[in-house]
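Chemist: Residue numbers (the numbering used here): 6 to 419.
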């Protein structure tokens, strides 16, 4: 081959390679969509302020999903995954395996648990409040009162309003924990108690003292009945894999139901979660017989996502208890490290026990924007605040970069 011909061939190959790379960078024929995807990948690198695990373990799941042909099949988990015959075009058998895997991690016996994969943490709380209210009404023939701290996730207040339930907000201490004495004063001992425990308050990452609050409720012997629901959206993910697993244990803490998010600690790439309760709670729900499903519809939702249970099941096989234990240890170590680094530069910062949420004096606006920091305000801590939720993708190197930038931009003004 002549030299000129060889060079022409090489140039043509390079051109083809460049074209292929350009086509890959375009992802699709829609420029607007491609540009948005690129922005999301950049934003992901400094996404510090919200409780989302950005280290997805699902790439090979999607490869299997496409190869299997399920991507062109409409599946629906309508119906009850735990009783009766599974709906034919569903992933009910896998959903049931997921519930049975997680049940012991939260202190439930396999023969005394009912559950489902939910659309979100809010969906789990909706079931907790709905199941709790029905359970109490069926046991006592009385309307319950809902009690929740004023720093718990706002979904609990909205859901009580949605369900037209009597709600009483209980004052929290400055770290965000329900004050037991305030609950004691607010209790209506003539009506059933439906209490929602915050297992990680929204902004400060506080955990309500369930043992102390349970003792306060116990001393009021005239209360007709009690139902305890735990909103453990984020903390319910990592605590079962830590030395503090007792805190999310049904037997130890005597709660009837718990809600956990799947898109937070577990890293599922779109909102979903788990709801677990005792069989007694399930058995005290009104039964809506639906003959074209599998006999009953005690849960709130009809159509439910069939793919999210498969993702949960996949992660159980791929990551499992060993992997999640390592991840839980790492995020707690990195939480401690972040607090230490902020202390070193003299930046006011606080963290609750057992929490992976560090809240601190709010930085300048450019840092808040770049790192997508959630914002709050509390005069007990000097006014304007922000927080970082230390998830799996927030490494020590990223923390060092954040603290260095905070020091550089803020100077000595703090």
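Glycine included, C-beta positions come from ideal geometry on N, C-alpha and C.
Just so we're clear, the structure is a prediction, and the values are computed from it rather than from any experiment.
Assuming residue 321 is part of the alpha helix (DSSP H), what are its boundary residues?
Modeler: Start and end: 312-323.
Chemist: Grouping DSSP H, G and I as helix and E and B as strand, with all else coil, what is residue 77?
Modeler: Residue 77: helix per DSSP, three-state reduction.
Chemist: So, for residue 131: in the same chain, excluding its five sequence neighbours on each side, which residues have a beta-carbon less than 7 Å away from its beta-carbon?
Modeler: Same-chain partners within the cutoff: 164 and 305.
Chemist: Name the two residues that bound the continuous beta strand (DSSP E) containing residue 199.
Modeler: Per DSSP, residue 199 belongs to the beta strand (DSSP E) from 198-203.
Chemist: Looking only at its chain, what residues have a beta carbon closer than 7 Å to the beta carbon of residue 178, apart from the 5 residues adjacent to it on each side?
Modeler: So the list reads 184, once near-sequence residues are dropped.
Chemist: According to DSSP, is residue 337 part of a helix, a strand, or is it coil?
Modeler: Looking at residue 337 - three-state DSSP - the assignment turns out to be helix.
Chemist: Sort 380, 405, 295 and 308 by Cα distance to residue 349 and report the nearest one.
Modeler: Of the candidates 380, 405, 295 and 308, the one whose C-alpha sits nearest the C-alpha of residue 349 is 405.
Chemist: Under 8 Å, with one C-beta from each stretch per pair, do the segment 240-257 and the segment 40-53 reach the 3-pair mark?
Modeler: Touching, no.
Chemist: Counting along the chain, where does the alpha helix (DSSP H) carrying residue 288 start and finish?
Modeler: Its alpha helix (DSSP H) spans residues 284-288.
Chemist: Excluding the 5 residues preceding and the 5 following residue 28 in the sequence, name in chain order all residues of the same chain whose CB lies nearer than 7 Å to its CB.
Modeler: Confidence at residue 28 is low in this model, with a pLDDT of 46, below 50, so the placement of that residue is unreliable and no value is reported for it.
Chemist: So what's residue 88 in DSSP terms, helix, strand or just coil?
Modeler: DSSP places residue 88 in coil when its eight states are reduced to three.
Chemist: Can you tell me whether residue 392 is buried or exposed? The criterion is at least 16 other CB atoms within 10 Å of its CB, across all chains shown.
Modeler: Looking at its Cβ environment, which holds 16 or more other Cβ atoms inside 10 Å, residue 392 is buried.
Chemist: Of all the beta strand (DSSP E) runs that stay within the bounds of the segment 161-232, which reach a length of 3 or more residues?
Modeler: Whole beta strand (DSSP E) segments, 3+ residues: 171-175 and 198-203.
Chemist: Using 10 angstroms around the beta-carbon of residue 161, count the other beta-carbons present and answer buried if the total reaches 16, otherwise exposed.
Modeler: Per the 10 Å Cβ criterion, buried.
Chemist: In angstroms with no decimal places, state the Cα-to-Cα distance between residue 410 and residue 332.
Modeler: Spanning the two alpha carbons is a distance of roughly 26 Å.
Chemist: What separation, rounded to the nearest whole angstrom, lies between the Cα atoms of residue 105 and residue 199?
Modeler: Each residue's Cα considered, the two are about 26 Å apart.
Chemist: Using DSSP with H/G/I as helix, E/B as strand and the rest coil, what is residue 50?
Modeler: Correct three-state label for residue 50: coil.
Chemist: Where does residue 115 land, buried or exposed, given buried means 16+ other C-beta within 10 angstroms?
Modeler: With fewer than 16 other Cβ atoms within 10 Å, it is exposed.
Chemist: Considering only C-alpha positions, which residue in the set 361, 267, 295 and 307 is nearest to residue 318?
Modeler: For the residues 361, 267, 295 and 307, the minimum Cα distance to residue 318 belongs to 267.
Chemist: Nearest-angstrom Cα distance between residue 240 and residue 205?
Modeler: About 6 Å.
Chemist: Would DSSP call residue 351 helix, strand or coil?
Modeler: Residue state, collapsed to three classes: coil.
Chemist: Just how far apart, CA to CA, sit residue 80 and residue 235?
Modeler: Taking the straight line joining both Cα atoms gives about 30 Å.
Chemist: With a threshold of 16 other CB atoms inside 10 Å of the CB of residue 287, please say whether the residue is buried or exposed.
Modeler: Classification for residue 287: buried.
Chemist: How would you label residue 26, buried or exposed, when you count the other beta carbons within 10 angstroms and need 16 or more for buried?
Modeler: Only weak support exists for where residue 26 lies, its pLDDT of 47 falling under 50; the value from the coordinates is given anyway. Classification of residue 26: exposed, given that the 10 Å Cβ count is below 16.
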